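Only one structure is covered here, and it is reproduced in the block below.
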Amino acid sequence: MELKNDLFLRAAKGELTERPPVWLMRQAGRILPQYRALRGKLSGFKELVETPHLAAEVTIQPVDELDVDAAIIFSDILVIPETMGLEYQMVEKKGPWFPKTIQSMDDVRKLKSGAEAAADLDYVFKALEITKKELNGRIPLIGFSGAPWTLLSYMIEGSGSKTFSKAKKFLYTQPEAAHLLLDKLSDTIIEYLKLKIQSGADLVQIFDSWAGILSPKQYEEFSLRYIRKICDAIDEAPITVFAKGAWFALPSMGSLDCNVIGLDWNTDPHHARNILGDEQVVQGNLDPCMLYSSHENIEAETKKMIRKFNGHHIVNLGHGVYPDTPLDGVKCFVNTVKSFSY
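The sequence shown begins at 18 in the numbering used here and counts up by one.
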């Protein structure tokens, strides 16, 4: 189906566009009153993720409300550990929790992986198919996965953490088990993303949320190595890699076989351009907290950011939009980008 608005995809593929495209990480969620109303009728977050027509509905809500240039399927990165055999729960106001965690090589060996594991995530693929049909060519649809290192972190810690010291300890004390787990995760993610593309995703994004807690040497060995494996295996659609806190890895990330490199708000645009070059498509990187500011500040800082990147830029925040962000601040951000011209 031909897209009515293909600005995002053209930019992702390296074309110079008349204006930068814009979307927001976590644009589908609690910033929208219609999302909060729907969530209030359900048993919890996982019911929303695992019910295809509801996931499709909340994917499209920000498209209708904000008029962004791309939709991103509503899901969760932790569906991958779960389909591999490690069940998790989403505890209200606390976040994810795994009743059982990975502690040894034996635990890793018991996990399913690859096509066998990915095939069990049919509810995600159905959500993509429904969303694609209901979008009816309005804008592109993004699919995503957590990166292997970020998923390993949760599988060993059992929840979120300030330090992820258990996960890092695992790398030091059981490196062989860590590499096997990262390989199994990578194999599953590859098959998962390929099935997402078959189900309607026009681009896939890899989120490495906990990249910044590793040293540069560890990040090369235990994260980028596996992100590279994923990127090398997927040629059916463009790929974005977003590694939060991994400013130190930009030179290596520039060699990945991906189309777009996402940048957090700690990365100066000029610094990124000096390392990656002017032709590399980048995404980001406004501080999400800027959207709490006045509309005048939002407009000025957004335009300043766009000018610093000087093209080959997909406008986004440097991380997901926070749940209590004022909706009018989000709209100001989006509208500023949509009225911008190079």
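For every residue, glycine included, the Cβ atom is placed at its ideal position computed from N, Cα and C. Given the structure is predicted, the values throughout are model-derived calculations rather than measurements.
Of the residues 86, 242, 356, 250, the one whose Cα lies closest to the Cα of residue 131 is 250. Here the C-alpha atom of residue 86 lies approximately 15 Å from the C-alpha atom of residue 19.
For the pair residue 194 and residue 116, the Cα-to-Cα distance works out to about 20 Å. Ranked by Cα distance from residue 211, the options 141, 171, 265 are led by 141. By DSSP's assignment, residue 113 forms a beta bridge with 107.
Within the same chain, Cβ atoms closer than 7 Å to the Cβ of residue 349 are found at 312, 315, 316, the five residues on either side in sequence being excluded.
For residue 336 against residue 299, the beta-carbon gap comes to about 15 Å, at or over 8 Å, which does not count as contact. DSSP assignment within the region 20-44 yields the following whole alpha helix (DSSP H) runs of 4 residues or more, N-terminal first: 24-29.
In the same chain as residue 294, and ignoring 5 residues on each side of it, the C-beta atoms closer than 8 Å to its own belong to 271, in chain order. Assignment of beta strand (DSSP E) within the region 174-248, counting only whole runs of 3 or more residues, yields 220-225 in chain order. Per DSSP, residue 273 is not a residue of any alpha helix (DSSP H), being assigned neither H nor E. Between residue 303 and residue 280, the CB-CB gap reaches or exceeds 7 Å. Judged by DSSP secondary structure, residue 85 falls outside any alpha helix (DSSP H); it is assigned neither H nor E. Of all alpha-carbon atoms in 352, 357, 106, 332, the one lying nearest the alpha-carbon of residue 28 is that of 332. With a cutoff of 7 Å on beta-carbon distance, residue 177 and residue 112 are scored as near each other. In the three-state DSSP reduction, residue 299 falls in the strand class (E or B). Under a 10 Å Cβ-count criterion, residue 342 is classified as buried, with 16 or more other Cβ atoms of the shown protein chains found around its own Cβ. In the assembly as shown, residue 359 is an exposed residue. Its beta-carbon has fewer than 16 other beta-carbons within 10 Å. The three-state reading of DSSP puts residue 76 in helix, counting H, G and I together.
For residue 159, there is no enclosing alpha helix (DSSP H); the residue is found in the beta strand (DSSP E) stretching over 158-163.
About 5 Å separates the CB atoms of residue 338 and residue 43; that is less than 8 Å, so the two are in contact.
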